[in-house]
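Numbering that gives the first Met the number 0 applies: residue 0 is where the sequence shown begins, and numbers increase by one.
All C-beta atoms, glycine included, are put in the ideal place defined by N, C-alpha and C.
So the structure is just underneath, and the comments pick up after that.
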Amino acid sequence: MMRMKVREIMTPDPEVERIDSRISEAIHRMRESDIEQLPVLDGKNYVGMITYRDILRRRSVHMDAKVEGYIVKTPVLSPEDDVLHAVDVLRDSGLPALPVVDKHELVGIVSRTDIMKHIGEVMPADRVRVLDLMATDPVTVTEKDDVSIAAERIRQLEESEIPVVSSKDGRLVGILRMDEIAANTVLRDKQRMGKGDYAGVKEKVEISCGSLMDNPVSVSQNDTVAKACALMVGNRLHILPVVDGSGLVVGIIGVSDVIDAIDTKKEKEGLTLEVSGLSSGDQDLYDATYFLVGKAAQRLLKMAHRNSGVLKIHVQRYESGGRVKYSLRTRLVSGPINITVNDYGWDYARCLSHILEVYEGRLEKLRER
């Protein structure tokens, strides 16, 4: 595999937004340009990035708000940086794209999709199966669900799309994109303002997931990661549902799963913990997570015979009878080891403890081979 430079894969002269533009203008520009982020300039100077993901996190958007209030500060890349360095920085930042700056001037942008277009240059994607990287226990919506439900689930997952399944038989029927949700949320807010706020009446405008979804695109567990990457790039997707022979969704493979699997030859000592799905008010759950993972981290790495690794934990909660039930989806990546373990229950700490025990058991079996 060749070593490539950022300048070889970057998108030159990208679409940009001005710092004093309105957020509704930025949303329109992203949707029209089929992109999920925009670099923001103050004069000629790069000042940060705005993304659909961060807009959706706000839960409500004032159409006349300035872009300045939605800017995310980011690292920058140089045109001469190695692509594997760009992969490292993208992973560490958690952002979908990064600016490429030369002599203080924005000259391009490198997105996770740009990496996917050249996946064969950075990993043997034609020899890795979807089954090896996919996440099980997929999160979906039905075609009858309101888009607000989809927006909340996408927000929790920190993804760009969500599969839509039939409310009758659970088979895959479409994929819903967050740019459609964001654009139609603004439209719904405009309708609500026009019909409700000025008249003193709160009127809800229903928009179903089925009315906005695209046609379904999917892979099977035995397809190659190279095929999955080609489908994601060709259909402008960041996730793909993994379906069985009857069309039921059995997993998800996403850009982040592929990016995480790229070996950049740069090891960071210790276990990196990535937690999603929790809010700033969940300090007790964060504390429990750090405590339990902190106790198990060195033991897991020792059993994996590695000095470093990444443990991803995604948390979802469901309310039932005044109680909260937790669903935990996790993935441990350490060198060639890529394992997923999921669990659910009423007791968050007990679920996480069980997951860590399962990891130890599976690593022990790998060690005995």
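Under the three-state DSSP convention, the category residue i falls into
i: His237; result: coil
i: Ala150; result: helix
i: Met212; result: coil
i: Asp19; result: coil
i: Ile120; result: According to the sequence shown, residue 120 is Glu rather than Ile. If DSSP states are grouped into helix, strand and coil, Glu120 belongs with the helices.
i: Gly93; result: coil
i: Ile180; result: helix
i: Gly199; result: Note that Gly199 scores 42 on pLDDT, short of 50, meaning its location in the model is unreliable; the coordinates nonetheless yield the value given after this. Correct three-state label for Gly199: coil.
i: Ser165; result: coil
i: Gly193; result: With a pLDDT of only 47 at Gly193, under the threshold of 50, the placement of this residue in the model should not be trusted, and no figure is reported.
i: Asp342; result: strand
i: Ile54; result: helix
i: Gln36; result: strand
i: Glu14; result: coil
i: Met62; result: coil
i: Asp222; result: coil
i: Ile70; result: coil
i: Ala348; result: helix
Identity of the residues DSSP links to residue i by a beta bridge
i: Arg6; result: In DSSP, Arg6 forms no bridge with anything.
i: Ile312; result: Val274 and Thr329
i: Tyr358; result: Note: Tyr358 sits in no beta bridge, so no partner.
i: Gly269; result: Ser307
i: Lys43; result: Lys43 is not bridged to any residue.
i: Ser207; result: Asp145
i: Asn337; result: Val332
i: Ser319; result: Arg322
i: Pro98; result: Ile108
i: Thr139; result: Answer is none; Thr139 lacks a bridge partner.
i: Gly250; result: Val241
i: Ser363; result: The question names Ser, yet the displayed sequence has Glu at residue 363. Bridge partners of Glu363: none, in fact.
i: Leu76; result: Val99
i: Met48; result: Pro38 and Val71
i: Glu160; result: Arg176
i: Asp81; result: Lys4
Spatial neighbours of residue i in its chain, beta-carbon cut-off 8 Å, leaving aside the 5 residues before and after
i: Arg369; result: Absent from the model: residue 369. The displayed extent of the chain is 0 to 368, so no value can be given.
i: Asp101; result: Ser77 and Pro78
i: Ile148; result: Val140 and Cys208
i: Val249; result: Thr135, Pro137, Gln220, Val241, Val242 and Asp243
i: Arg2; result: Asp81, Val82 and Leu83
Range of the contiguous alpha helix (DSSP H) that encloses residue i
i: Thr288; result: Gln282 to Ala303
i: His27; result: Ile22 to Ser32
i: Leu105; result: Careful: Leu105 lies outside any alpha helix (DSSP H), inside the beta strand (DSSP E) at Glu104 to Ser110.
i: Glu130; result: Inspection of the sequence shows that residue 130 is occupied by Leu rather than by Glu. Looking at the DSSP string, the run of the alpha helix (DSSP H) that includes Leu130 is Val129 to Leu132.
The beta strand (DSSP E) enclosing residue i, as first and last residue numbers
i: Ile258; result: No beta strand (DSSP E) contains Ile258, which is instead part of the alpha helix (DSSP H) from Val254 to Ala260.
i: Arg176; result: Leu171 to Arg176
Heavy atom of the ligand SAH within 7 Å of residue i beta-carbon
i: Met122; result: This structure lacks the ligand SAH; in fact it carries no ligand of any kind.
Own chain, CB closer than 6 Å to residue i, minus 5 neighbours either side, in chain order
i: Ser20; result: Val66
i: Val106; result: Val99
i: Gly344; result: Cys350
i: Leu272; result: Val292 and Leu310
i: Pro11; result: Gly107
i: Val357; result: Val340
i: Asp259; result: Val332
Chain-order list of residues whose beta-carbon lies under 7 Å from that of residue i (same chain, five-residue window excluded)
i: Met302; result: Glu359, Leu362, Glu363 and Arg366
i: Met192; result: Summary for Met192: the model assigns pLDDT 45, below 50, so the residue's position carries little reliability, and this model does not support an answer.
i: Arg328; result: Ala134, Asp136, His313 and Asn341
i: Val200; result: Because Val200 sits at a pLDDT of 43, beneath the cut-off of 50, its placement in the model cannot be relied upon, and the following sentence gives the value as read from the coordinates. Excluding sequence neighbours, Val200 sits near nothing in its chain.
i: Pro74; result: Val88, Ser92 and Leu97
i: Tyr197; result: Because the pLDDT at Tyr197 is just 38, under 50, the model does not fix this residue reliably, and the value given afterwards should be weighed accordingly. Correct list: empty, nothing qualifies.
i: Gly253; result: Glu158, His237 and Ile238
i: Ser166; result: Thr141, Glu142 and Lys143
i: Met231; result: Met115, His237, Leu239 and Val254
i: Arg235; result: Asp33
task: Please confirm if the stretch 128–144 is in contact with the stretch 19–34, defined as three or more CB-CB distances below 8 Å between the two stretches.
output: no
- prompt: Taking one C-beta from the stretch 109–125 and one from the stretch 39–50 each time, how about it: are there three or more such pairs within less than 8 Å?
  reply: no
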